[in-house]
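Since the structure comes first, as structure tokens, the remarks are kept for the end.
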Amino acid sequence: GTGNTMYSGQVTLGTSQSGSNYTLTDANRGSHKTYNLNRGSSGTGTLFSGPDDVWGNGSPSNLETAGADAHYGAAVTWDYFKNVHGRNGLRNDGVAPYSRVHYGNNYVNAFWQDSCFCMTYGDGDGNAKPLTSTDVAAHEMTHGLTSVTGNMTYSGEPGGLNEATSDIMAAAVEFYADNPQDVGDYLVGEKIDIRGNGTPLRYMDKPSKDGSSKDYWYSGLGNIDVHYSSGPANHWYYLASEGSGAKVVNGVSYDSPTYDNLPVTPIGRDAASKIWFRALTVGYFKSNTNYAAARTATLQAAADLYGQGSATYNNTANAWAAINVGA
Ligand code: ASN
Ligand code: ZN
192 GTGNTMYSGQ VTLGTSQSGS NYTLTDANRG SHKTYNLNRG SSGTGTLFSG PDDVWGNGSP
252 SNLETAGADA HYGAAVTWDY FKNVHGRNGL RNDGVAPYSR VHYGNNYVNA FWQDSCFCMT
312 YGDGDGNAKP LTSTDVAAHE MTHGLTSVTG NMTYSGEPGG LNEATSDIMA AAVEFYADNP
372 QDVGDYLVGE KIDIRGNGTP LRYMDKPSKD GSSKDYWYSG LGNIDVHYSS GPANHWYYLA
432 SEGSGAKVVN GVSYDSPTYD NLPVTPIGRD AASKIWFRAL TVGYFKSNTN YAAARTATLQ
492 AAADLYGQGS ATYNNTANAW AAINVGA
């Protein structure tokens, strides 16, 4: 089918035919389905269904539009996990979670739930800014992956690493999708304008730009909200991917500082993503993993993938030093 999304322009959607109607059921991606809660807050509402295979018109007042965005975000996240990391669904069992849009009234959040194995999206302020951009969808879907793998406890330092895992994979998915209307960046939620002033929710090159997140590990990091204690790990991912200092990527300017003022030589986004994904999914990240343990886990993953003492291994360690996590 064809989706006329709010955040990603016109995209192809995986749909299915059911009698004389089509539905948002992606047969090629674990039968991922997108439902319309129609401002309800429980159950599944109704599966998006219609006589033509065109979904939404780019405007949030058309209820199919948010459905098209969420359906697309889940599809590119599925493709990224499968095609880049060889993982066939969150549990590697070929089965997709489902998505629900139009949750509640003026609801300004989105979330993952283990209980339903599903992602849910509010419509935002004035029901006019659905939280269904690709990076937000990838963030929520990655919570589902984390839940069935490392399952880092959602508080303290493990909670920050859980949040960072969602932001890191969200950035990787956005780059992978390579959508001309939503180019890859190291910003989180830049499309949904949650503050109403055009600024993103979070910045990975210098997390403190949001006014709350931390750039570097410190001994009290585990006492702040997990969406702020994620900052140093997001910063690690940026530094590992792109290196320190000033840089423009896809037209966005970054300037990433380091704790020790030593430069970081990048290993590249693909290597940084593969290292994090491996640490998460092969058992190196665990429920109680803190920042020091995450360093050890990613170095083990880097050794597995690139060799102990390789340039990639050493620069992975240097990126940790740059956020004040040392040997
Ligand atoms: N959107 C938020 C998140 O995924 C919901 C929450 O606080 N868990 O992090
Ligand atoms: Zn989250």
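Counting along the sequence shown from 1, when you hit position 162 you're at 353 in mature numbering (1 follows the signal peptide of the UniProt record, and there is no 0), and nothing is skipped either side. Cβ atoms here follow ideal geometry from the backbone N, Cα and C, with glycine treated the same way.
Going by the beta-carbon positions, is the gap between residue i and residue j smaller than 8 Å?
i	j	result
Ile383	Gly315	yes
Thr193	Asp244	yes
Tyr294	Tyr312	yes
Val374	Val267	no
Gly459	Ser501	no
Ala355	Ala257	no
Asn318	Asn296	yes
Ser435	Tyr419	no
Pro321	Val339	no
Trp269	Arg220	yes
Val440	Asn509	no
Thr507	Ala493	yes
Asp446	His426	no
Lys477	Gly341	yes
Asn253	Phe239	no
Which class does residue i belong to by DSSP, given the choice of helix, strand or coil?
i	result
Val275	helix
Asp217	strand
Met310	strand
Lys400	helix
Val379	strand
Leu238	strand
Ser447	strand
Trp427	helix
Asp326	helix
Thr487	helix
Tyr497	helix
Phe366	helix
Val417	helix
Arg469	helix
Arg460	helix
Asn505	helix
Ser207	strand
Trp408	coil
Thr193	strand
Asn318	helix
residue 532	Residue numbering for the chain in the displayed model covers 192 to 518; residue 532 lies beyond these limits and cannot be assessed.
Asp260	helix
Thr225	strand
Ser432	helix
Asn353	helix
Ser478	coil
Asp373	strand
Ala266	helix
Ser338	helix
Just how far apart, CA to CA, sit residue i and residue j?
i	j	result
Gln372	Ser324	11 Å
Ala361	Thr333	8 Å
Gly350	Ala483	14 Å
Val443	Asp376	7 Å
Met343	Tyr298	27 Å
Asp416	Met310	21 Å
Ser250	Gly200	11 Å
Asn505	Ala328	33 Å
Asn414	Tyr394	20 Å
Asp401	Arg282	33 Å
Thr203	Tyr263	8 Å
Val516	Arg486	7 Å
Asp305	Ala437	40 Å
Ser357	Thr472	13 Å
Tyr198	Thr225	17 Å
Ser222	Tyr213	14 Å
Trp408	Thr216	43 Å
Leu490	Ala265	30 Å
When you compare the CB of residue i with every CB in chain D, is at least one pair closer than 8 Å?
i	result
Pro251	In the structure shown, chain D does not exist; there is a single protein chain.
When every heavy atom of the ligand ASN is checked, does at least one fall within less than 7 Å of the C-beta of residue i?
i	result
Ala424	no
His330	yes
Asn300	yes
Ala303	Going by the sequence as given, residue 303 is Trp instead of Ala. Trp303 Cβ: within cutoff of the ligand ASN.
Ile418	Strictly speaking, residue 418 in this sequence is His, with Ile absent from that position. Yes, the ligand ASN has a heavy atom inside 7 Å of this Cβ.
May I ask whether a heavy atom of the ligand ZN can be found less than 7 Å away from the beta carbon of residue i?
i	result
Ser346	no
Glu354	yes
Ile338	Going by the sequence as given, residue 338 is Ser instead of Ile. Because no heavy atom of the ligand ZN lies under 7 Å away, the Cβ of Ser338 does not count as near it: no.
Ser357	yes
Buried or exposed: residue i, going by 16 or more other Cβ atoms within 10 Å of its Cβ?
i	result
Asp451	exposed
Gly380	buried
Asn479	exposed
Asp369	exposed
Gly387	exposed
Asn353	buried
Ala218	exposed
Asn274	exposed
Ser410	exposed
Tell me whether residue i, by its Cβ, gets closer than 7 Å to a heavy atom of the ligand SAH.
i	result
His334	This structure lacks the ligand SAH; the ligands present are the ligand ASN and the ligand ZN.
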